[in-house]
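Structure first, commentary second.
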Amino acid sequence: MEEDPKIAAALKDISEVSSSLAALNPQTESTAAAVPSNINAAPRKWIIGGALAASIAFLATFMQVSQDPRDLLALHSEYMDTTYDLSSSNIQLIATNAGAYQPDLTRASLTAVARSITEHETVIHYSGKNGCRLTYLRGTVTYQLPSKSDVQVMSWTKPDGQVHAIIATGMDAARFDAIGNYLRHLNAQQEEPQVYAELTQATKAATPCVG
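Just so you know, we're using this note's numbering here: the sequence shown kicks off at 266 and counts up by one.
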């Protein structure tokens with residue numbers, strides 16, 4: 266997995282702090298001789314040590330926050346609590362903006378109704394007939410996968426380190442699996458007619474979603 270840019274920046278800051286501290290406290294005989302005997306060097310050493318410790322503590326805290334898994338079901342539930350009008354102009358604008366960041370799932374009778382794109386994560390929420398709802402997530406974060414029996418979830422990691430996941434509740438299992446397979450091939454830029462046909466067939470044969 267590629268190194269997180271923020272972690273790399275934090276490491277660089279600590280390196281610069283260490284270099285600056287070393288410049289403030291060179292270990293040479295001439296410097297030691299220049300310090301008057303009545304001057305206590307302990308406070309300066311305490312400040313230097315404290316600054317370095319604070320930098321290390323910051324990095325440790327940052328890495329912990331960055332590595333904390335995101336609750337996949339909680340993220341999906343936030344969108345499930347909102348009702349979307351598929352005829353609204355805002356929804357139509359989102360739906361027609363398909364691309365690298367937003368897969369087109371119209372073959373699965375799902376329309377993109379909401380999205381959130383940040384530095385480390387892309388989240389797209391889809392809605393369809395009979396209350397069908399699905400959330401697609403992609404990013405350089407880890408996700409906490411739910412274990413509930415009524416939740417469909419699928420996750421995979423690409424060679425570039427990005428984690429992809431989809432989650433739905435009450436969706437036909439065959440339809441959900443076909444969507445996951447379609448997205449895997451789409452992410453790999455593999456256009457296979459068979460995959461498209463399987464998605465279309467699974468969607469037509471699927472039982473209504475149970476919200």
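Backbone N, C-alpha and C define an ideal beta-carbon position, used for all residues, glycine too.
Could you tell me which residues DSSP pairs with residue 380 in its beta bridges? Your numbering for residue 380 matches position 115 in the sequence shown. DSSP, once it has assigned bridges, lists 389 as partnering residue 380.
Excluding the 5 residues preceding and the 5 following residue 441 in the sequence, name in chain order all residues of the same chain whose CB lies nearer than 6 Å to its CB. One-based indexing of the sequence shown puts residue 441 at position 176. 417 and 433.
Buried versus exposed call for residue 348 [16 or more other C-beta atoms within 10 Å across all chains shown]: Counting from one through the sequence shown, the residue named residue 348 turns up at place 83. Residue 348 comes out exposed.
Report the residue from 373, 333, 405 and 336 whose alpha carbon sits nearest the alpha carbon of residue 383. Within the sequence shown, the letter at position 118 stands for residue 383. Answer by Cα proximity: 405.
6 Å CB neighbourhood of residue 444 in its chain, flanking five on each side removed: If you number the sequence shown from 1, residue 444 lands on position 179. So the list reads 373, once near-sequence residues are dropped.
Where residue 438 and residue 469 are concerned, what is the direct C-alpha to C-alpha distance, given to the nearest angstrom? In the sequence shown, the residue the question calls residue 438 occupies position 173. In the sequence shown, the residue the question calls residue 469 occupies position 204. Each residue's CA atom was taken as its position, placing residue 438 and residue 469 some 13 Å apart.
Of the residues 428, 450 and 458, the one placed nearest residue 335, counting alpha carbons only: As a working note, residue 335 is residue 70 in the sequence shown. Among 428, 450 and 458, the Cα nearest to that of residue 335 is on 428.
What did DSSP end up calling residue 462 once you bin it into helix, strand or coil? Indexing the sequence shown from 1 puts residue 462 at position 197. The answer is helix: DSSP assigns residue 462 an H, G or I state.
Let me check one thing: in DSSP terms, what residues is residue 430 bridge-paired to? Taking the first residue of the sequence shown as 1, we reach residue 430 at position 165. Answer is 402 and 420, bridged to residue 430.
The alpha helix (DSSP H) that contains residue 360, what's its start and end? Along the sequence shown, one-based indexing puts residue 360 at 95. For residue 360, the uninterrupted alpha helix (DSSP H) segment begins and ends at 354-360.
Could you tell me which of 435, 403, 358 and 458 sits nearest to residue 420, measuring between CA atoms? To locate residue 420, count along the sequence shown from 1; it is residue 155. For residue 420, the nearest C-alpha among the options comes from 403.
Supposed close pair residue 344, residue 398 - CB separation, criterion 8 Å: Mapped onto the sequence shown, residue 344 falls at position 79. Mapped onto the sequence shown, residue 398 falls at position 133. Residue 398 and residue 344 do touch by the CB rule: their CB atoms are close to 7 Å apart, below 8 Å.
Look at the alpha carbon of residue 425 and the alpha carbon of residue 435, and state the distance between them as a whole number of angstroms. As a first step, residue 425 must be located in the sequence shown, where it is residue number 160. As a first step, residue 435 must be located in the sequence shown, where it is residue number 170. The C-alpha of residue 425 lies about 32 Å from the C-alpha of residue 435.
Strictly by DSSP, which residues pair up with residue 375? One-based indexing of the sequence shown puts residue 375 at position 110. Residue 375 pairs with 393.
In this structure, does DSSP put residue 408 in helix, strand or coil? For the purposes of this step, residue 408 is taken as the residue at position 143 of the sequence shown. Three-state result, residue 408: strand.
Residue 392 burial status per 10 Å Cβ neighbour count (16 or more: buried): Counting from 1 along the sequence shown, the entry for residue 392 is found at position 127. It counts as buried.
Using only CA atoms, which one of 378, 394 and 410 lies nearest to residue 357? For the purposes of this step, residue 357 is taken as the residue at position 92 of the sequence shown. The candidate whose alpha carbon is nearest that of residue 357 is 378.
Between residue 407 and chain D, is any beta-carbon pair separated by less than 9 Å? In the displayed structure, chain D is absent; only one protein chain is listed.
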